[in-house]
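In the working numbering, the protein residues as written are 10 to 579. Below is one structure, written out as C-alpha cells, with a few remarks after it.
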Ligand code: GLN
C-alpha cells in the first residue's frame, strides 16, 4: 500500500487493527548489513542491539536472512558453517540465532531464519500452484515480495522493533535480492519506520601505523548504489577511532559524525559488546531516529552483574571438549558459551581445551585428558573420530573425572560402557557398524524409511521425565523438562536391563518410558550424558542447570586435586 494512502486511512482510523497495514505501521524495522569482510560479528552486533532495546523496555523480534542457496544449514558441514542451532519448533538454523537467544528474550521460530533456498522454494511452489496467474515470475518483484513478506511476518501490534540481519557481505551476488527487498521495504512502510545499520571493518595497517577508512567508504558506496543510505555506520576496529577518523567516515558515507559508532574488539568477552555500543549512545540514536517514544531508561543491571562475576572468578577449571571439529572455533559454539555460563554461579572461569578426537590414541593427548577437570563430548555425525571419543569416555570414567556427554556424546558413553563394563567387545552404534553384534545404539523406528537428509531427524523440543533423586532431577529442581533434540539414533531398549544391572541409571526418558534421554553413573563423582542438546537453552543470565552442575563438579575435582597434590605430592 502506498504510504500516503496508508496515512489517510490511519487518520480516519479506518484500518482494522489486525490488518497487515496496521501491524506494519506499529512495528519499526532495523536492518543490519555487513561490508568489507565476512565474519565481522554482525550476529553479535545485532544481538547486542536487541539487548539494548529490550533493556529500554521495548519488545523486539530478531531475524536473519541468509543469502546461501541451501534450504537450511542442517545439511552443511560444521567446517563450512559452524554449529547448526536448533530451535524449539525443530528448525535447524544459523548459529547467529544462538547469539539472539543468549542476548535477548525474543521468541524465535521458523520465521526467524530465511535462506535464498527457502524463498525460492516458496515462490516455485506458488508458481506450480498457478499462484502467479500466468505472470512471468521474476526476482523483482516476486522474489523480493516474498522476502518482504517474510520480514513483515514478525510485525505485530505488541512488537516495537524487528531487527533483521542480512547475512553475507555487501557486494556478494546472492545478497542483491535481499538488499533490494529491504530497500523497497522502507517505501512500503515509511522511511521513518526503518533504520539501516551498516557494520564495516576499519583495519589498522601496522606498517603505516594508521587506521584505514577507505574499505568502509567503498562498502557504503556500494550500498548507496543499490539505493540504501545507511543511517548508522558501526566500525569494527582493533584501535580506537579518532574524531578525525569518525569525521572522515561521516563525510564520505553521508552520515552525521555521531552516527559513526566504534565497535572495538572485545578482548575479554563477547558479552562486553553491548556496553561498548552504549558508550557511543547507539540505543539513543536508534530510539530517537525511530521515534520510539515508549522506550524507557536503559537498565543493564542484570547484564552488568553477570559481567562483573565473569571478570572476578575465584577459581579456573579446564574442561576438555573432545570433538572432530575442534579446530573450527564455531563448530561447538553454544557448548563453549554454555560452559562459560555454567561457571558464573560457581565463581569459576572455564578454560576450554579443544581436543581433536582423532588424536585421543596419542599418549600426549591422554595425558592432557587425565589432567583436565572435566571432559565433555559434544554431538556429532559420522564415523571419523568416534573411537577417540569412546576412549575419552573411558579415561573420564576410570579416572573419576567429571564427564558430560551430549547427543553423540551420550551414545559414545553407552558404547564404552557396553564394551568395557558389560564385556560386549564389538558393541557399536549401527550408524558406524551396521552389522555389529551388539547394536546398543540403533536407528529410531520412525527414521527407518527416511531417505531425505534435510530436516528429517528427531528435531526440536521434546518432553523428558526425570527419575526422582537422580543427579539430573537435583540439578533441574523439577521432574518434567523439555529440551531440544537433533538425532536419528537412540539407545537400544533391548539392552536396558543389562545396563541397569551393571550400574547405569536411566535418569531421564521420554514420558512413555521408551526413549532413553539421560544416563548417569552413581559410582562416579559426576558422570551424566544426555540425548538432547542442553547447550541451546543456556543464557548468560540463566545458565543451564546441567552445565552449572557439571562445572561445579569440575571445580570440586580441581580443588580435590590441588589438595591431594599438596598432601601427597604429584
Ligand atoms: N549421529 C547421532 C544421531 O544421529 C548423534 C547426533 C548428534 O549428536 N546430534 O543420532
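C-beta atoms are modelled at their ideal positions from N, C-alpha and C, and glycine is treated no differently.
Comparing C-alpha positions only, which one of the options sits nearest to residue i?
| i | options | result |
| --- | --- | --- |
| residue 416 | 539, 100, 321 | 539 |
| residue 236 | 561, 274, 188 | 188 |
| residue 203 | 106, 280, 299, 344 | 299 |
| residue 341 | 409, 506, 385 | 385 |
| residue 176 | 138, 347, 73, 166 | 73 |
| residue 323 | 358, 293, 337, 290 | 358 |
| residue 86 | 99, 564, 97, 103 | 103 |
| residue 530 | 406, 313, 174 | 406 |
| residue 290 | 545, 57, 573, 537 | 57 |
| residue 456 | 465, 110, 199 | 465 |
| residue 393 | 413, 454, 369, 309 | 369 |
| residue 80 | 65, 64, 490, 101 | 101 |
| residue 364 | 387, 446, 343 | 387 |
| residue 69 | 312, 230, 173, 567 | 173 |
| residue 78 | 548, 201, 183, 159 | 183 |
| residue 458 | 497, 426, 505, 488 | 497 |
| residue 261 | 390, 371, 391, 229 | 229 |
| residue 249 | 123, 310, 264, 288 | 288 |
Could you check whether residue j and residue i sit closer than 8 Å to each other, using their CB atoms as the reference points?
| i | j | result |
| --- | --- | --- |
| residue 135 | residue 197 | no |
| residue 285 | residue 269 | no |
| residue 443 | residue 436 | no |
| residue 543 | residue 555 | yes |
| residue 499 | residue 431 | no |
| residue 245 | residue 50 | yes |
| residue 463 | residue 83 | yes |
| residue 220 | residue 254 | yes |
| residue 550 | residue 312 | yes |
| residue 314 | residue 61 | no |
| residue 178 | residue 46 | yes |
| residue 160 | residue 38 | yes |
Starting from the C-beta of residue i, find all residues in its chain whose C-beta is less than 8 Å away, skip the five residues before and the five after it, and write them out in chain order.
| i | result |
| --- | --- |
| residue 562 | 383, 411, 534, 535 |
| residue 560 | 326, 328, 348, 351, 352, 355, 357, 359, 383 |
| residue 345 | 330, 361 |
| residue 367 | 333, 393, 394, 397 |
| residue 33 | Since pLDDT at residue 33 reaches only 47, below the 50 mark, its modelled position is unreliable, and the value read off the structure follows with that caveat. Result list for residue 33: 161, 164, 197, 198, 202, in chain order. |
| residue 434 | 428 |
| residue 532 | 512 |
| residue 257 | 222 |
Work out the CA separation of residue j and residue i for me, nearest whole Å.
| i | j | result |
| --- | --- | --- |
| residue 226 | residue 334 | 37 Å |
| residue 224 | residue 242 | 13 Å |
| residue 130 | residue 119 | 15 Å |
| residue 155 | residue 252 | 42 Å |
| residue 493 | residue 55 | 24 Å |
| residue 240 | residue 306 | 23 Å |
| residue 569 | residue 97 | 39 Å |
| residue 232 | residue 170 | 23 Å |
| residue 409 | residue 378 | 12 Å |
| residue 247 | residue 213 | 7 Å |
| residue 108 | residue 115 | 11 Å |
| residue 565 | residue 571 | 10 Å |
| residue 275 | residue 137 | 49 Å |
| residue 337 | residue 92 | 10 Å |
| residue 88 | residue 302 | 44 Å |
| residue 162 | residue 380 | 51 Å |
| residue 477 | residue 282 | 41 Å |
| residue 266 | residue 483 | 54 Å |
| residue 557 | residue 317 | 18 Å |
| residue 121 | residue 168 | 14 Å |
| residue 487 | residue 470 | 17 Å |
| residue 95 | residue 117 | 10 Å |
| residue 541 | residue 310 | 32 Å |
| residue 504 | residue 553 | 30 Å |
| residue 113 | residue 308 | 14 Å |
Just confirm the distance between the C-beta atoms of residue i and residue j, as a whole number of angstroms; I'd bet it's less than 8 Å.
| i | j | result |
| --- | --- | --- |
| residue 43 | residue 105 | In fact, because the Cβ distance is near 11 Å, the residues do not count as touching under 8 Å. |
| residue 234 | residue 263 | About 12 Å separates the two Cβ atoms, so there is no contact after all. |
For residue i, which residues in the same chain have their Cβ closer than 7 Å to its Cβ, ignoring the five residues on either side in sequence?
| i | result |
| --- | --- |
| residue 181 | 76 |
| residue 193 | 153, 157 |
| residue 132 | 146, 151, 152, 155 |
| residue 567 | 324, 326, 382 |
| residue 421 | 386, 395, 398, 399, 402, 414 |
| residue 201 | 300 |
Excluding five sequence neighbours on each side, which residues of the same chain lie with their C-beta closer than 6 Å to the C-beta of residue i?
| i | result |
| --- | --- |
| residue 517 | 473, 475, 481, 526, 527 |
| residue 349 | 359 |
| residue 296 | 304 |
| residue 9 | Nothing can be reported for residue 9: it is not among the residues displayed for the chain, which extend from 10 to 579. |
| residue 191 | 40 |
| residue 90 | 82 |
Indicate whether at least one CB of chain C lies closer than 8 Å to the CB of residue i.
| i | result |
| --- | --- |
| residue 52 | Included in the structure is just one protein chain, with no chain C present. |
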